[in-house]
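The structure under discussion appears below in the form of structure tokens.
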Amino acid sequence: MQGTGNPSDFSANFINKTSADDIMLSAITSLKTQLKAGFSVGNCCSNFHNLIFDFLRDGCGAAEENLSQCLQENEDPEFRVCCQWTKTDECLKKKESKK
């Protein structure tokens with residue numbers, strides 16, 4: 009299921025009338041769009057973004073070269089994303105401020 013990294017959660021979304029075709033169309037459209045980029049920024053907590061970065065590094069994108077950056081490594085702390093499992097002081101503070 010999108011947003012969970014767990015396709016077995018798909019059945020829970022029948023309430024929202026999202027079909028398997030809708031999910032595949034969304035994933036393929038997103039993949040195609042992201043493979044056209046020469047510069048990519050992604051959330052490296054996401055397996056989908058890591059897969060796209062692997063494709064781009066291996067030359068599967070439209071650009072001759074691709075520069076990619078994980079949001080976890082962004083120089084600006086405001087844009088730096090913390091993974092759920094990250095235990096740095098900065099991430100723990102961000103999690104506390106959301107409560």
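Counting the sequence shown from 1 gives a position; the working numbering is that position plus 8. Idealized CB from N, CA, C, for every residue including glycine. This structure is a prediction, so every number in the text was calculated from the model and none was measured.
Please confirm whether residue i and residue j have their CB atoms less than 8 Å apart.
i: Asn55; j: Val89; result: no
i: Ser48; j: Ile60; result: yes
i: Leu43; j: Gly69; result: yes
i: Ala28; j: Gly46; result: no
i: Pro85; j: Glu98; result: yes
On the DSSP bridge list, what partners appear for residue i?
i: Gln42; result: DSSP output for Gln42 lists no bridge partner at all.
i: Cys52; result: DSSP, once it has assigned bridges, lists no residue as partnering Cys52.
i: Phe47; result: Leu75
So, helix, strand or coil for residue i, using DSSP?
i: Lys92; result: Here residue 92 turns out to be Gln, not Lys, going by the sequence shown. DSSP places Gln92 in coil when its eight states are reduced to three.
i: Cys68; result: coil
i: Thr37; result: helix
i: Lys102; result: helix
i: Phe87; result: coil
i: Asn58; result: helix
If you count every other CB in all the chains shown that lies within 10 Å of the CB of residue i, and 16 or more means buried, which is it?
i: Asn74; result: buried
Would you grab the beta carbon distance between residue i and residue j for me? Rounded to a whole angstrom, and I think it's under 8 Å.
i: Leu100; j: Phe87; result: Wrong, their Cβ atoms sit about 18 Å apart, outside the cutoff.
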